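Position one of the sequence shown corresponds to residue 14 (this note's numbering), numbered consecutively onward.
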Amino acid sequence: MLKLKDTQSKNAFRYGYLLNKMYPYIKQVLWRSVLLFLLAVPLGLLDGVVAFSLRPYMDFVVNGNEFQTFELWGHTFRLQAFFIKLIPVAIVLFALIQGVLKYVCNYLSDWTGNKMSNSIKIDLFKKLTSMDTKFYDVNSSGIVLNRFLTDPDTASKNLINTLKSFILAMFEFFALVFVLLFNSWKLALIGIGVMGIAITPVIFIKKKIKSVSNATMVVGGDMATNFNETFAGNKIITAYNLQENQNHKFENQIHQQFDLTMSLTKRVGWMSPIMYFVCSIGIAIVMNYGNSLILSGEMSAGSFASFVTSLLLLYKPTKSLGLTLTNLQTTFVSIARVFELFDLMPEIKNTPNAKKLKSIDTGIKFEHVWFEYEEGQPVLKDFNLSVAKNETIALVGNSGGGKSTVVNLIPRFYDVTKGSVKINDIDIRDIDIVNLRNNISFVFQDNYLFTGTIKENILMGKPDASETELAEAVRLSHLDEFLDTLPEGIDTVVGERGASLSGGQRQRVAIARALIKNAPIVILDEATSALDNESEAIVQKALDNLMKNKTVFVIAHRLSTIHNANRIAVLNEGELVELGTHEELIQKQDGRYRYLYEMQFAGEKTAGGRQ
Ligand SMILES: Nc1ncnc2c1ncn2[C@@H]1O[C@H](COP(=O)(O)OP(=O)(O)O)[C@@H](O)[C@H]1O
Ligand SMILES: [Mg+2]
Numbered sequence: 014m015l016k017l018k019d020t021q022s023k024n025a026f027r028y029g030y031l032l033n034k035m036y037p038y039i040k041q042v043l044w045r046s047v048l049l050f051l052l053a054v055p056l057g058l059l060d061g062v063v064a065f066s067l068r069p070y071m072d073f074v075v076n077g078n079e080f081q082t083f084e085l086w087g088h089t090f091r092l093q094a095f096f097i098k099l100i101p102v103a104i105v106l107f108a109l110i111q112g113v114l115k116y117v118c119n120y121l122s123d124w125t126g127n128k129m130s131n132s133i134k135i136d137l138f139k140k141l142t143s144m145d146t147k148f149y150d151v152n153s154s155g156i157v158l159n160r161f162l163t164d165p166d167t168a169s170k171n172l173i174n175t176l177k178s179f180i181l182a183m184f185e186f187f188a189l190v191f192v193l194l195f196n197s198w199k200l201a202l203i204g205i206g207v208m209g210i211a212i213t214p215v216i217f218i219k220k221k222i223k224s225v226s227n228a229t230m231v232v233g234g235d236m237a238t239n240f241n242e243t244f245a246g247n248k249i250i251t252a253y254n255l256q257e258n259q260n261h262k263f264e265n266q267i268h269q270q271f272d273l274t275m276s277l278t279k280r281v282g283w284m285s286p287i288m289y290f291v292c293s294i295g296i297a298i299v300m301n302y303g304n305s306l307i308l309s310g311e312m313s314a315g316s317f318a319s320f321v322t323s324l325l326l327l328y329k330p331t332k333s334l335g336l337t338l339t340n341l342q343t344t345f346v347s348i349a350r351v352f353e354l355f356d357l358m359p360e361i362k363n364t365p366n367a368k369k370l371k372s373i374d375t376g377i378k379f380e381h382v383w384f385e386y387e388e389g390q391p392v393l394k395d396f397n398l399s400v401a402k403n404e405t406i407a408l409v410g411n412s413g414g415g416k417s418t419v420v421n422l423i424p425r426f427y428d429v430t431k432g433s434v435k436i437n438d439i440d441i442r443d444i445d446i447v448n449l450r451n452n453i454s455f456v457f458q459d460n461y462l463f464t465g466t467i468k469e470n471i472l473m474g475k476p477d478a479s480e481t482e483l484a485e486a487v488r489l490s491h492l493d494e495f496l497d498t499l500p501e502g503i504d505t506v507v508g509e510r511g512a513s514l515s516g517g518q519r520q521r522v523a524i525a526r527a528l529i530k531n532a533p534i535v536i537l538d539e540a541t542s543a544l545d546n547e548s549e550a551i552v553q554k555a556l557d558n559l560m561k562n563k564t565v566f567v568i569a570h571r572l573s574t575i576h577n578a579n580r581i582a583v584l585n586e587g588e589l590v591e592l593g594t595h596e597e598l599i600q601k602q603d604g605r606y607r608y609l610y611e612m613q614f615a616g617e618k619t620a621g622g623r624q
């Protein structure tokens, strides 16, 4: 499973490959982008027009003779009068055209960039929700947030903006070069040669850009994780006075980010001054040579003014072409990272021709199951267990012994490493995954409630449930008394993660969710462990209703709560060591269950006589 942090964005320099991948998203905005790029052409040419008009302006308006005429492409103009009238109008028109073009271009680039980014985000979110438990085990929330939200933005908006700037700068560049050549090709060659030298260093920094961009993404992810943890763990932070720790962590991350930014600035920042310096040498040469051309009468003053203006103006598009190249590189690093995400594949997925379960007939079997989270560290070792239909089996054993792991295999949160889990003698890997999970209700120790009302949270178990089914679930989960005390009843909004409810109340909402789902297999993983006696008693009653006529796996910390299981499976360090009824197991001298039971019983006695 790819760790999002370990990205190499190794495809970052395969531009054709990446554009091909981007094509479905580009296609959606293709016509608008083409229009945008077409509009960038005249916008880019406008600077050239200014420089171009300087020559006739200088020669014929400032220095000119009233009756001098000027031939351009077969037309004859009476220049001074013509220009004097034209110039004020031209300035206003020029600004107007430029303004309108700029607005339309900006509008189009925002529209296309955001549309593209949105489509990518939607598809990436689908990818995220399709990932399996292991993916969420190895990747922190911050890195997920950062990579799934930030990169699509950079990939699309930057791509559009950079291409727009590129076209703009390109045409600005060409227009100005045209003006240069028009005025003096000799001088132009010098000017362009110098600009060419000035822009070369840009090409050599793409590797640095990639590594800095990847590192920045990782630090950004760590920062986001830090924010999430500060939020989710705020009680622990307050209770243990860990504020300073969190602050330090954050300060370090900020400094790390600063160092990264500066390391790029160090590499990239000198380029602009160097370019400027090289250009100034070019201008110096041109000035010097230009002087002699004017003196020898080979070039008019207007022509020279127009030339120098173009050369000075040329600096901007040259620099922006350089920047565009670096930006484009950043963009392609992001695109590469985005498509890395699309290449993620959940390891747990449907096999072709997956079967569907109609009911649980022959029960659930674990056959020689081996399982490991980390390679070479088996957590379950040759685990065998058969559970009959409608049997309640309790799993007990030392903490970390593998009880949760056993039940996590049933809905395929993880797949076995060796052996198999079967329902109705069908390997669960051959059962349709949605169908399999529809057959299972899970109640954990800490159940997640989503932002929304209690009703919405319950209905997640069965979105199309009728009012009667809802009322029944509420009654059987012993929620009704509690709901009656709330002014808004079942429509009360629970805070994020259900923060406004007590542990027992949250647990009963979770049980109602499971009840309304009415799945034939019920898994209870320490469902009452976090509760006080009183809540536990009422939650236990709710659970009893949930367990009726179901095949049940129950993991409970307190052995007293598993008395009425049909059989008890005792796990120790990932191995099944004992299996039988309470009466059978308690008889065994030196038995593991007996030992656990006595430990617990003694503990509970001294702790104040819980039965
Ligand atoms: N997501 C995980 N990634 C890696 N190791 C895990 C993960 N979940 C549990 N483990 C390890 O597997 C072992 C069994 O854990 P678990 O099944 O949760 O035990 P139990 O529920 O019996 O307390 C423990 O050593 C635990 O550290
Ligand atoms: Mg557990």
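Note that beta-carbon positions come from the ideal geometry of N, C-alpha and C, so glycine has one too.
Since the structure is predicted, the reported quantities are computational estimates derived from the model, not experimental observations.
Cβ pair residue i, residue j closer than 8 Å
i, j, result
"Pro330", "Phe138", "no"
"Val506", "Leu514", "no"
"Lys563", "Val522", "no"
"Leu49", "Leu109", "no"
"Arg526", "Ile453", "no"
"Ile180", "Gly57", "yes"
"Leu277", "Ile222", "yes"
"Trp383", "Gly432", "yes"
"Leu326", "Ile296", "no"
"Ser22", "Arg350", "yes"
"Ile524", "Leu556", "yes"
"Ile406", "Ala582", "yes"
"Ile444", "Lys368", "yes"
"Leu341", "Leu449", "no"
Option nearest residue i by Cα separation, candidates the options
i, options, result
"Phe396", "Lys368, Asp374, Val434 and Thr375", "Val434"
"Leu336", "Asp538, Thr213 and Leu99", "Thr213"
"Phe195", "Val207, Arg68 and Thr146", "Arg68"
"Ser169", "Pro37, His88 and Gly234", "Pro37"
"Val400", "Glu388, Gly389, Val420 and Lys394", "Val420"
"Tyr610", "Asn585, Arg571 and Ala582", "Arg571"
"Leu366", "Leu106, Arg442, Asn301 and Ile294", "Reading the sequence as shown, one finds Asn at residue 366 and not Leu. Asn366 has its Cα closest to that of Arg442, out of Leu106, Arg442, Asn301 and Ile294."
"Tyr427", "Lys147, Asp60, Ala407 and Ile205", "Lys147"
"Leu35", "Val102, Phe352 and Asn152", "This sequence places Met at residue 35; Leu is not what is there. Of the listed residues, the one whose Cα sits closest to Met35 is Phe352."
"Ser66", "Arg27, Tyr30, Ile104 and Ser372", "Ile104"
"Met321", "Ser154, Pro55 and Val190", "Note that residue 321 corresponds to Val in the displayed sequence, not to Met. That would be Val190, whose Cα lies nearest to the Cα of Val321."
"Thr466", "Asp150, Asp504 and His595", "Asp504"
"Gln41", "Pro55, Ser130, Lys16 and Gly29", "Ser130"
Counted within 10 angstroms of its Cβ, other Cβ atoms place residue i as buried (16 or more) or exposed
i, result
"Val429", "buried"
"Asn33", "exposed"
"Phe345", "buried"
"Ile135", "exposed"
"Asn460", "buried"
"Gly621", "For Gly621, the predicted model reports a pLDDT of 45, less than 50, meaning its position is unreliable and no value from the coordinates is stated."
"Thr633", "Here the chain has residues from 14 to 624 only, and residue 633 is not among them."
"Gln518", "buried"
"Tyr606", "buried"
"Asp438", "exposed"
"Leu31", "buried"
Distance, residue j Cα to residue i Cα
i, j, result
"Met560", "Glu501", "30 Å"
"Ser197", "Lys220", "39 Å"
"Gln520", "Gln458", "8 Å"
"Lys115", "Thr343", "25 Å"
"Gln613", "Val409", "12 Å"
"Ala211", "Leu354", "38 Å"
"Ala64", "Trp44", "32 Å"
"Gln658", "Thr339", "The displayed coordinates of the chain run from 14 to 624. Any statement about residue 658 would go beyond what the structure contains."
"Tyr289", "Val299", "15 Å"
"Met236", "Glu588", "41 Å"
"Leu202", "Trp283", "26 Å"
"Ser333", "Gly303", "27 Å"
"Asn171", "Arg160", "16 Å"
"Ile348", "Ile377", "46 Å"
"Gly633", "Ile373", "Shown here, the chain extends from 14 to 624; a query on residue 633 therefore has no answer."
"Asp603", "Lys468", "49 Å"
(Q) For a minimum of 4 consecutive residues, which ranges assigned as the alpha helix (DSSP H) are wholly contained in the segment 217 to 261? (A) 219 to 245 and 247 to 252
Q. What are the start and end residues of each continuous alpha helix (DSSP H) run of 4 or more residues lying completely inside the segment 389 to 442, in chain order?
A. 416 to 422
Q) Counting only runs that start and end within the segment 131 to 187, where is the alpha helix (DSSP H) found for 4 or more residues in a row? A) 146 to 151 and 154 to 166
Q: Run through the segment 317 to 402 for me and flag every whole beta strand (DSSP E) of 3 or more residues, listed as ranges in chain order.
A: 377 to 385 and 391 to 400
Q: Just list the alpha helix (DSSP H) runs in the segment 278 to 321, keeping only unbroken ones of 4 residues or longer that don't cross its boundaries, in chain order.
A: 284 to 308
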